[in-house]
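Remarks on the structure that follows.
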Amino acid sequence: MGVDWCVMTKGEELRLIELAQTGDHDAASALIRAHQQSLFAYLLRMSGNPELSEDVVQDAFVRVLQNLHRFDPRFRFSTWLFTIAKRLYVNACQKMKPVYDTDIVGSRRGRDADPSTPTLLRERNSQARDAIGRALSQLSGDQREIILLFHQQEWPITRIAEFMGMPEGTVKSHLHRGRRKMRKYFELHESSAWSAEFAGVVA
Amino acid sequence: MTAQKHQGCDGSDPIGPGRVPDALIDAVLDGDIDAARSKILYEHLAKTPDAAREVAATERAIEALKAPIHTPDMSYLVLSQLGGRHGFTTAAGRRQLWITRIAAAAVLVLTVGGAFAVQRFVPQAAHLVHHPTPVSDVVAAVPEPATQIAGIRTQITCGLDDFSGLTNFARVCMAPKSVEVVAVASEESSPITIIVMQRTAPAMNGQVKFATDDSAAFDQFAALHNSKSEFLMASYAQSPRPDESLAMWGATSGSAHVEPMMLLTPAAAFDWVGLGDGFASTRGNRSDSSSLYR
Numbered sequence: 034m035g036v037d038w039c040v041m042t043k044g045e046e047l048r049l050i051e052l053a054q055t056g057d058h059d060a061a062s063a064l065i066r067a068h069q070q071s072l073f074a075y076l077l078r079m080s081g082n083p084e085l086s087e088d089v090v091q092d093a094f095v096r097v098l099q100n101l102h103r104f105d106p107r108f109r110f111s112t113w114l115f116t117i118a119k120r121l122y123v124n125a126c127q128k129m130k131p132v133y134d135t136d137i138v139g140s141r142r143g144r145d146a147d148p149s150t151p152t153l154l155r156e157r158n159s160q161a162r163d164a165i166g167r168a169l170s171q172l173s174g175d176q177r178e179i180i181l182l183f184h185q186q187e188w189p190i191t192r193i194a195e196f197m198g199m200p201e202g203t204v205k206s207h208l209h210r211g212r213r214k215m216r217k218y219f220e221l222h223e224s225s226a227w228s229a230e231f232a233g234v235v236a
Numbered sequence: 113m114t115a116q117k118h119q120g121c122d123g124s125d126p127i128g129p130g131r132v133p134d135a136l137i138d139a140v141l142d143g144d145i146d147a148a149r150s151k152i153l154y155e156h157l158a159k160t161p162d163a164a165r166e167v168a169a170t171e172r173a174i175e176a177l178k179a180p181i182h183t184p185d186m187s188y189l190v191l192s193q194l195g196g197r198h199g200f201t202t203a204a205g206r207r208q209l210w211i212t213r214i215a216a217a218a219v220l221v222l223t224v225g226g227a228f229a230v231q232r233f234v235p236q237a238a239h240l241v242h243h244p245t246p247v248s249d250v251v252a253a254v255p256e257p258a259t260q261i262a263g264i265r266t267q268i269t270c271g272l273d274d275f276s277g278l279t280n281f282a283r284v285c286m287a288p289k290s291v292e293v294v295a296v297a298s299e300e301s302s303p304i305t306i307i308v309m310q311r312t313a314p315a316m317n318g319q320v321k322f323a324t325d326d327s328a329a330f331d332q333f334a335a336l337h338n339s340k341s342e343f344l345m346a347s348y349a350q351s352p353r354p355d356e357s358l359a360m361w362g363a364t365s366g367s368a369h370v371e372p373m374m375l376l377t378p379a380a381a382f383d384w385v386g387l388g389d390g391f392a393s394t395r396g397n398r399s400d401s402s403s404l405y406r
């Protein structure tokens, strides 16, 4: 399943960046809307704190727009944005030491908040998200971040390695260890929450 | 439980009942495994509920990670924190941007102006990159006075790769019966070309390229002719063996001029001529090797 965070071509994105550099509010707004969801999802899963995530996302976009003239179009805009956001997040964590709230992440439902979605399914999805939050909170910062970038953001290993400043082998190692930890966690703590799904997945 | 086994993803790691290699699960979850092997894994998992539960839980978690999360639209909040009359750059950022632009322009002006000034007032220094003069040009550039040496009354206009032309030249220069060009050594970075001509050699038998300060290459070149002393004599302007005639034709490129030279070597004494700025013609002798590379 693909993640359609940002459905625009690189050319369209560069055009928006050029317009935003001149102070075009519509272009800036389009850039924000194209990237806010993925950035927010990443930060929310990283921090488990919606308020902190919103603050960091807003601050990151403010910084990015103020420094658009420094953007090098040879690189990905999203990588630049995530780098700035991550620095802001790290700074915020050093100041505030936020607590990871797994349940509140699960409560921020997306499309299945649609009232037409069956209640049982909504409930199950919400439980699943809570369980993921709890499993993610068991991981080290690097493991959690790499799992999010690889599986949630669908970044390739090379891009993650560049972003994290690590060799690709180390990224893979963190990814595998983190996933095994999650597997063990589900095995020990969450088996009942998932048991209804197994037959379907295995079949 | 049956002891049925399947091959692992690398073909060497069998999957036994109750055991699924972590590496195989990682490969599946990383998307690094083809559908056929993935199918083998899932067939195996269908028979081992515990392993299946673990893998399924992880896969389900991964899928759930991708589930959309409600995100408030922050564009208004972000833009309300920014100006926009001069773009979104802060005053300090704009100042820095202007400073950078002015500095870049100043560097450009200074570079262009400096280059112009150097070219205008110190033209010699403007030759930042020196290209060696093609050897064939040097050959063609040797004017008539070069033919005055040792009573020789001829001039060659062929290129250095024209062995028959050079051989004819050598025959005329050296008078005696059969002189053959046996080797041409040329160096690409500095246009020194050395032609070795032997009276008795039947044909050309070697060609090497070398740097003038590369003694190993000199030796290699000399070894081609079994006459190291001969070659060194030629290159350092000493006398050749009596039974051989050597001609050295080359050009050294100095800082401001190119100096083509021709050295013809009768048995005891030799002559060379230097052409270039302040045209020079000098008669040398056995011990006067330094004058060759003026």
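Each protein sequence line maps, in turn, to chains Z and W. For what it's worth, the working numbering labels the leading residue of the first sequence as 34, then goes sequentially. For what it's worth, the working numbering labels the leading residue of the second sequence as 113, then goes sequentially. Here a beta-carbon is modelled for each residue, glycine too, at the ideal position from N, C-alpha and C.
For residue j and residue i, the rounded distance between their alpha carbons
i, j, result
"F183(Z)", "E166(W)", "20 angstroms"
"F115(Z)", "A164(W)", "35 angstroms"
"V140(W)", "K205(Z)", "13 angstroms"
"R192(Z)", "A227(W)", "43 angstroms"
"I5(Z)", "V221(W)", "Nothing can be reported for residue 5(Z): it is not among the residues displayed for chain Z, which extend from 34 to 236."
"E84(Z)", "R149(W)", "44 angstroms"
"A42(Z)", "A53(Z)", "In the sequence as displayed, the identity of residue 42(Z) is Thr instead of Ala. About 16 angstroms."
"I50(Z)", "F233(W)", "47 angstroms"
"S290(W)", "T223(W)", "Its pLDDT being 36, under 50, S290(W) is placed unreliably in this model, and the value from its coordinates should be taken loosely. So the two alpha carbons sit approximately 60 angstroms from each other."
"V90(Z)", "I174(W)", "23 angstroms"
"L208(Z)", "V123(Z)", "21 angstroms"
"T203(Z)", "D175(Z)", "10 angstroms"
"A217(W)", "T55(Z)", "22 angstroms"
"L98(Z)", "G211(Z)", "34 angstroms"
"F108(Z)", "A67(Z)", "17 angstroms"
"M199(Z)", "R177(Z)", "15 angstroms"
"K128(Z)", "M197(Z)", "22 angstroms"
"L191(W)", "I65(Z)", "9 angstroms"
Three-state secondary structure (DSSP) of residue i
i, result
"I145(W)", "coil"
"E51(Z)", "helix"
"D383(W)", "In this predicted model, D383(W) has a pLDDT of only 31, less than 50, meaning its place in the structure is not dependable; the value taken from the coordinates is given anyway. Three-state DSSP puts D383(W) in a strand."
"V247(W)", "Because the pLDDT at V247(W) is just 41, under 50, the model does not fix this residue reliably, and the value given afterwards should be weighed accordingly. Helix."
Sequence-distant residues of its chain with Cβ nearer than 6 angstroms to residue i (five each side left out)
i, result
"M215(Z)", "A168"
"P106(Z)", "L47"
"L209(W)", "none"
"S86(Z)", "F73, L76, L77 and S80"
"I181(W)", "none"
"S187(W)", "none"
"L181(Z)", "Y75 and R78"
"L194(W)", "F200"
"A135(W)", "none"
Contact set for residue i: own chain, Cβ-Cβ below 8 angstroms, skip 5 residues either direction
i, result
"V132(W)", "L153, H156, L157, T160, A163 and V167"
"Q171(Z)", "K214, M215 and Y218"
"T112(Z)", "R192, E195 and F196"
"I179(Z)", "I193, M197, V204, H207, L208 and G211"
Cutoff 7 angstroms; reference residue i; Cβ partners in own chain excluding five residues on either side
i, result
"E201(Z)", "I190, T191 and A194"
"R120(Z)", "none"
"I137(W)", "V167"
"I117(Z)", "A93, R96 and V97"
Point to revise | Stretch pair the region 209-219 of chain Z + the region 166-178 of chain W: three plus CB contacts closer than 8 angstroms | key: yes
Exercise for review: For the region 175-198 of chain W, enumerate the residues whose C-beta is nearer than 9 angstroms to any C-beta of chain Z, in chain order.
Suggested key: E175, A176, L177, K178, A179, P180, I181, H182, T183, P184, D185, M186, S187, Y188, L189, V190, L191, Q193, L194, G195, G196, R197 and H198
Review point. Listed from N- to C-terminal order along the chain, which residues in the region 79-90 of chain Z have their beta-carbon within a distance smaller than 8 angstroms of any beta-carbon of chain W?
Key: E87 and V90
Review point. Which residues, in order along the region 152-177 of chain W, keep a beta-carbon less than 9 angstroms from a beta-carbon of chain Z?
Key: Y154, L157, A158, P161, D162, A164, R165, E166, V167, A168, A169, T170, E171, R172, A173, I174, E175, A176 and L177
Practice item. Note down, in chain order, all residues in the region 43-68 of chain Z with a beta-carbon under 9 angstroms from any beta-carbon belonging to chain W. Key: A53, Q54, T55, G56, D57, H58, A61, S62, A63, L64, I65 and R66
Review point. Is there contact between the region 65-75 of chain Z and the region 180-198 of chain Z, where contact requires at least three CB pairs shorter than 8 angstroms?
Key: yes
Exercise for review: Please determine if the region 52-70 of chain Z and the region 83-99 of chain Z are in contact, where contact requires at least 3 C-beta pairs separated by less than 8 angstroms.
Suggested key: yes
Practice item. Take every Cβ of the region 100-110 of chain Z, pair it with every Cβ of the region 201-211 of chain W, and state whether three or more of those distances are shorter than 8 angstroms. Key: yes
**Study point:** Contact list for the region 184-207 of chain Z against chain W, Cβ threshold 7 angstroms
**Key:** H184 and Q185
Exercise for review: Identify each residue in the region 99-130 of chain Z for which the Cβ-Cβ distance to at least one residue of chain W is less than 7 angstroms, and report them in chain order.
Suggested key: Q99, N100, L101 and H102
**Study point:** Within 9 angstroms of chain Z by C-beta, residues of the region 213-236 of chain W in sequence order
**Key:** none
Review point. Between the region 134-149 of chain W and chain B, which residues of the former have a C-beta closer than 9 angstroms to a C-beta of the latter?
Key: Absence of chain B from the displayed structure is noted, the protein chains being Z and W.
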